[in-house]
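Residue numbers (the working numbering), protein chains in the order written: chain Z, 1 to 388; chain D, 1 to 332; chain H, 1 to 332.
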């Protein structure tokens, strides 16, 4: 008998509400099947199984709140018979205790140990920074093999289908933000650095660049900011990381972009692999993701993958942002508005469009010198926009 | 008649006999003792003709006293001789297990390095001649369990010709497993064949897709299976362990790190076997090289029965090796 | 090949011989008494089998051998080792488990080995060393060395298959081997009448065509006489010889033995023929020994024992790094 438990879909996920069982006892299932829908603070997420067999018993009722790690169902493995359900009560008891324990000790963000993959595949995935949970296995019993990981790393990989889901209500989003920010403030010793950047060359370059583009393809200044952040992170990779049992650098740069919701609260979709996207691609990503975010129709990967957060409050008329890091990330970059200011250079006074960029960083992970390197690189890219 | 002058065609039996002859000619301290090795010519005719050539002092018939004459062989080795003790079949070796495990294997260590036991004990082994339960044992795992012994498995003609000679040069007790079912098998070996390394496993066939690890009677079966698999596009590497103690762990790790998959094949019973040991070592050392679980094909855990069809079904056959490997690759 | 009847007066014992026997017996007695004491203090662990009461056998036989001869013993071998001339300090250190011990501390009380004095243990599987003795003697015969092998064992071993195999092989192969059976009446705690259908062990030898005699194992002079004759026979004929020595162990089988199997009165009866007492009386009778000499012996032995203990105490423990040394020979 295989136990199916409430998966941990993120470090900040503590529990979820079961909204739908997609299966009933006796249904055959295979690895990768969606068997339930669970509403989390981040929205409704489809829950997949990693085992093969038949659904034995569903233990959770619709709309019940289920802590991470709690037993949800029994699956009868192929070729076995269902065991007597007697010891179940005891199991459940143990379960709630385990659930509580997990509340205190967050499960790893990528539950790699529950994925059926060969040790070699796991090793390569780790080396290449590939999230193995997203791969479909072609090996024995659906196990992920070296070949699957290597294909994925070259972009040929078959990812498990991810359907956009209507996301959570405004209230639950408020709660999610509250939980994440409380955790951040409780656990992360922040340090802050800021710098002023002369944006005259960047804006000039942008005007020229937009001359060749149709109206709908025009680039916004925020795209330059995102690209500059991504490129600066390539040179200072310690800030593109998660803090989980120590600093875990991430190979790919997924920028979480803060989107304010009209109903209140924020949502932070990830712009995947920002360093390798062109400015036009980034623009497309933004125009795709912002409306979806506001409609709460994001993919779970877009909610979970960010390796750094960028918040741009320029439109709100703010000059300087002191951000709160989104755990388990280790940095947040804040941009204020681009405002004309007096600017002294080479003994001359001038008026320039000036941007204040701030870095909030986790002092457990990095020190001020790392942050300084980052801001310097960021400034350099924005003052030499042709390098973007 | 051999086509090439530097290659000779010999049976496995002839290769062993040549090795014994060479050993007797090379070293006055060497003699062969065992049941029916002299006047009878060896239970399997391996030592036929040697009594006439070397005389009864060098080719000693023994009574049916396995513990007695194996112990005497150990004692003679302590006294400076280089005896070859033949235990007619591995099945009788248990009668001498006390001598092998309690004396040969312990003396060097127990005496703080004072007493060497340079004895070579040959045992005829193997399954497949309808000899039923008491005469079809695969005791390689049993002997390979004992520190102090060196345990060799003679899986090829080259080794039949060479292993004994090197074993006789070894200062420690060496157990040689020979395989009755291979005695009549002919193969070509270099005509200058002789003493050969006895510390390393050997890759008998290079391959990149899977390591087929085996020993003894499994080696030729594995090579034939590999040839069949090659036509199906599966490139099998055949590793002949050769030395069952101390194991050549490096060779196993090297092969697995190349192929990322392993199938271990042996006639011995599955539980607490050589393959269990190899599997554990792969897990300990090469876990992150594995792209598939280690698989094993072993003897079925029954006393080996007499009827041919049941006997055949008791041990891994070539076709099972082929389909086991196919299964590893067919899962899409 | 038959039983010989020996006469005590066959040998003329000199004063020096007599005093040497006495000295060795007192050394064995006091050394073992000390060992028993040290055992209770935890300095010596494992099994400790004391020889007290049987000293006449060891000293009688050892003094009939040359330094070139091989000696193999049981696990009750402190007496033989001391009589053979193995350094008492090295023996005590061995019992302590110190690396200065005669077996590097690896063996302990049951495995005293000293190849310098051709002393091959210290063998703790009952009768397991008899085939080794056959082999050593065989190697001497084959290598044409002027040497005999002397193998001690108890009457318990005469019930083992290896005893019968070894007797047969030794006679069959005509090897120079002196079998010395120390019949101390008990195989651990079971009296000979409960373990042998025929308790006259000397009847066993002729069955294998081996000349056999028995001797009074409580009488050192009788033992010296019988053993000298036996060793001479082996040396002269190159054939095995079987000497049965009737003796008695005064102390328990080992340190942890409640002696439920025998009456105190039986022990007291045998103690009336304490071998040290008998030899002292004999030597005094011959005017070879004065009371003052005896006191001098005792104090000499006391110093020897003290020195042995001091040597063992000062000995060192083998470092863990070399624990696996000597499982196999090191390459040169």
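Virtual Cβ for every residue (Gly too), placed ideally from N, Cα, C.
Give a yes or no on whether the minimum CB-CB distance between residue i and chain D is below 8 angstroms.
i: residue 110 (chain Z); result: Any reading at residue 110 (chain Z) needs caution, since the residue's pLDDT is 43, under 50, leaving its predicted position unreliable; the model's value is listed next. Not an interface residue.
i: residue 120 (chain Z); result: yes
i: residue 327 (chain Z); result: no
i: residue 123 (chain Z); result: yes
i: residue 145 (chain Z); result: yes
i: residue 139 (chain Z); result: yes
i: residue 15 (chain H); result: no
i: residue 44 (chain H); result: no
i: residue 254 (chain H); result: no
i: residue 49 (chain H); result: no
i: residue 207 (chain H); result: no
i: residue 280 (chain H); result: no
i: residue 328 (chain H); result: yes
Could you compute how far the alpha carbon of residue i sits from the alpha carbon of residue j?
i: residue 185 (chain Z); j: residue 240 (chain Z); result: 19 angstroms
i: residue 390 (chain Z); j: residue 379 (chain Z); result: As displayed, chain Z neither begins before 1 nor continues past 388, which places residue 390 (chain Z) out of reach and without an answer.
i: residue 76 (chain D); j: residue 141 (chain H); result: 10 angstroms
i: residue 171 (chain D); j: residue 148 (chain D); result: 11 angstroms
i: residue 285 (chain H); j: residue 15 (chain H); result: 12 angstroms
i: residue 22 (chain Z); j: residue 36 (chain Z); result: 5 angstroms
i: residue 242 (chain D); j: residue 151 (chain D); result: 9 angstroms
i: residue 288 (chain D); j: residue 325 (chain D); result: 21 angstroms
i: residue 31 (chain H); j: residue 85 (chain H); result: 14 angstroms
i: residue 306 (chain Z); j: residue 189 (chain Z); result: 20 angstroms
i: residue 300 (chain H); j: residue 97 (chain H); result: 26 angstroms
i: residue 275 (chain D); j: residue 86 (chain D); result: 26 angstroms
i: residue 143 (chain H); j: residue 26 (chain D); result: 16 angstroms
i: residue 98 (chain Z); j: residue 334 (chain Z); result: Reliability fails at residue 98 (chain Z), whose pLDDT of 41 lies under 50, so the model's placement of it is uncertain and the value that follows must be treated cautiously. Rounded to whole angstroms, residue 98 (chain Z) to residue 334 (chain Z) spans 39 angstroms at the Cα level.
i: residue 267 (chain D); j: residue 175 (chain D); result: 18 angstroms
i: residue 117 (chain Z); j: residue 155 (chain Z); result: 19 angstroms
i: residue 56 (chain D); j: residue 174 (chain H); result: 14 angstroms
i: residue 82 (chain D); j: residue 105 (chain D); result: 16 angstroms
i: residue 338 (chain Z); j: residue 206 (chain Z); result: 14 angstroms
i: residue 213 (chain D); j: residue 109 (chain H); result: 44 angstroms
i: residue 227 (chain H); j: residue 303 (chain H); result: 30 angstroms
Could you tell me if the beta carbon of residue i falls within a distance shorter than 7 angstroms of some heavy atom in the ligand HEM?
i: residue 248 (chain H); result: With respect to the ligand HEM, the structure shown offers nothing to examine, as it has no ligands at all.
Could one say the Cβ of residue i lies closer than 8 angstroms to chain H's Cβ atoms, at least one of them?
i: residue 324 (chain D); result: no
i: residue 103 (chain D); result: yes
i: residue 405 (chain D); result: With chain D represented from 1 up to 332, any question about residue 405 (chain D) goes unanswered, as that position is not in the structure.
i: residue 30 (chain D); result: no
i: residue 81 (chain D); result: yes
Rounded to whole angstroms, how far is the Cβ of residue i from the Cβ of residue j, which I believe are closer than 8 angstroms?
i: residue 244 (chain H); j: residue 184 (chain H); result: Rounded, the Cβ-Cβ distance is 11 angstroms, inconsistent with contact.
i: residue 55 (chain H); j: residue 68 (chain D); result: Not a contact, Cβ separation roughly 31 angstroms.
i: residue 91 (chain H); j: residue 81 (chain H); result: 6 angstroms
i: residue 28 (chain H); j: residue 58 (chain H); result: 7 angstroms
i: residue 203 (chain Z); j: residue 353 (chain Z); result: 6 angstroms
i: residue 280 (chain D); j: residue 211 (chain D); result: In fact, because the Cβ distance is near 15 angstroms, the residues do not count as touching under 8 angstroms.
i: residue 188 (chain D); j: residue 123 (chain D); result: In fact, because the Cβ distance is near 26 angstroms, the residues do not count as touching under 8 angstroms.
i: residue 271 (chain Z); j: residue 289 (chain Z); result: 7 angstroms
Measure from the C-beta of residue i to each C-beta in chain Z and report whether the shortest distance is under 8 angstroms.
i: residue 145 (chain D); result: no
(request) Run through the stretch 86 to 119 of chain D for me and flag every whole alpha helix (DSSP H) of 4 or more residues, listed as ranges in chain order. (result) If you keep only unbroken alpha helix (DSSP H) runs of at least 4 residues inside the stretch 86 to 119 of chain D, you get 107 to 110.
(request) Please name the residues in the stretch 129 to 142 of chain D whose beta-carbon is closer than 8 angstroms to at least one beta-carbon of chain Z, in chain order. (result) Those residues of the stretch 129 to 142 of chain D that come within reach of chain Z (Cβ to Cβ, closer than 8 angstroms) do not exist; the list is empty.
(request) Select from the stretch 283 to 302 of chain D all residues with a C-beta closer than 8 angstroms to any C-beta belonging to chain Z, and list them in chain order. (result) For the stretch 283 to 302 of chain D, residues whose beta-carbon sits nearer than 8 angstroms to a beta-carbon of chain Z comprise 287, 288, 289, 290, 291, 292, 293.
(request) Can you give me, in chain order, the residues of the stretch 152 to 167 of chain H that have a beta carbon less than 7 angstroms from any beta carbon in chain D? (result) When CB distances to chain D are screened at a threshold of 7 angstroms, the residues of the stretch 152 to 167 of chain H falling below it are 161, 162, 165, 166, in chain order.
(request) Would you list, in chain order, the members of the stretch 62 to 92 of chain H that have their beta-carbon closer than 8 angstroms to a beta-carbon of chain D? (result) From the stretch 62 to 92 of chain H, only 70 have a Cβ closer than 8 angstroms to chain D.
(request) Check each residue of the stretch 232 to 261 of chain D: if its Cβ is closer than 8 angstroms to any Cβ of chain Z, include it; give the result in chain order. (result) From the stretch 232 to 261 of chain D, only 260 have a Cβ closer than 8 angstroms to chain Z.
(message) Using a Cβ-Cβ cutoff of 9 angstroms, what residues of the stretch 224 to 239 of chain H are near chain D? List them in chain order.
(response) Of all residues in the stretch 224 to 239 of chain H, none has a C-beta nearer than 9 angstroms to a C-beta of chain D.
(message) Under 9 angstroms, CB to CB, which of the residues in the stretch 8 to 20 of chain D have a partner in chain H?
(response) Within the stretch 8 to 20 of chain D, no residue qualifies.
(request) Taking only beta carbons into account, state which residues of the stretch 65 to 76 of chain D come closer than 8 angstroms to chain H, listed in chain order. (result) 65, 67, 68, 69, 70, 71, 72, 73, 74, 75, 76: these are the residues of the stretch 65 to 76 of chain D whose beta carbon lies less than 8 angstroms from some beta carbon of chain H, given in chain order.
(message) Restricting to runs no shorter than 3 residues, where is the beta strand (DSSP E) found entirely within the stretch 18 to 82 of chain D?
(response) Within the stretch 18 to 82 of chain D, the complete beta strand (DSSP E) segments of 3 residues or longer fall at 32 to 34, 59 to 61, listed in chain order.
(request) Would you list, in chain order, the members of the stretch 125 to 141 of chain H that have their beta-carbon closer than 8 angstroms to a beta-carbon of chain D? (result) Taking a C-beta cut-off of 8 angstroms against chain D, the contacting residues of the stretch 125 to 141 of chain H are 125, 128, 129, 130, 131, 132, 133, 134, 135, 136, 137, 138, 139, 140, listed in chain order.
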